[in-house]
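Written out below as structure tokens is the structure these notes cover.
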């Protein structure tokens, strides 16, 4: 017959170092008189780091809203939720509609969807209006408006 003892313990495992991120955003305005841009970046490595662990990545977007607009269907959505959530979900429709209009990329489909969402969100926001003209996040539970 054999006897065994077993002990289970939770161990906190810490890596040798921690990840350090450095970000630098630059707005570059190119036009007919300035057709190129050149910039040198200084990378400051921490004094102590794991050898061969350093990495760098650079991304360039030719349009400030380019990445967001590629997901236009995610931006154009019907507002929902309480008064504050309704407004937060209302705004992307306005921004996308303005952007697509100014860049001449607005299609009938996106125009109709954005306008329908804004009309719905506006009607919904009016339900948070009190008799005195003020608004609340939750009309039913708020006796007085906050804005």
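Numbering (the UniProt record's numbering), first residue to last: 1 to 147. All C-beta atoms in this analysis are idealised placements derived from N, C-alpha and C, irrespective of residue type, glycine included. Note that the structure is a prediction, hence the values are computed from the model and not measured.
So, under 8 Å CB-CB, residue i and residue j are touching, yes? Tell me the CB distance rounded to an integer number of Å.
i, j, result
"residue 113", "residue 76", "5 Å"
"residue 138", "residue 129", "With a Cβ gap of about 12 Å, residue 138 and residue 129 do not count as contacting."
Tell whether a beta-carbon distance below 8 Å holds between residue i and residue j.
i, j, result
"residue 124", "residue 93", "no"
Alpha carbon to alpha carbon, what distance is there between residue j and residue i?
i, j, result
"residue 107", "residue 23", "35 Å"
"residue 10", "residue 37", "53 Å"
"residue 49", "residue 84", "45 Å"
"residue 21", "residue 15", "16 Å"
"residue 117", "residue 110", "10 Å"
"residue 29", "residue 35", "9 Å"
"residue 13", "residue 19", "15 Å"
"residue 44", "residue 54", "11 Å"
"residue 102", "residue 95", "11 Å"
"residue 46", "residue 60", "25 Å"
Is DSSP giving residue i helix, strand or coil here?
i, result
"residue 8", "coil"
"residue 135", "strand"
Restricting to Cα atoms, I'd like to know which of the options is closest to residue i.
i, options, result
"residue 121", "111, 110, 80 and 136", "80"
"residue 72", "133, 35, 97 and 38", "97"
"residue 42", "100, 56, 17 and 60", "56"
"residue 51", "126, 84, 33 and 17", "17"
"residue 65", "35, 54 and 100", "100"
"residue 27", "4, 63 and 126", "63"
"residue 105", "132, 70, 89 and 127", "70"
"residue 172", "25, 47 and 32", "This structure cannot speak to residue 172, because the chain is shown only from 1 to 147."
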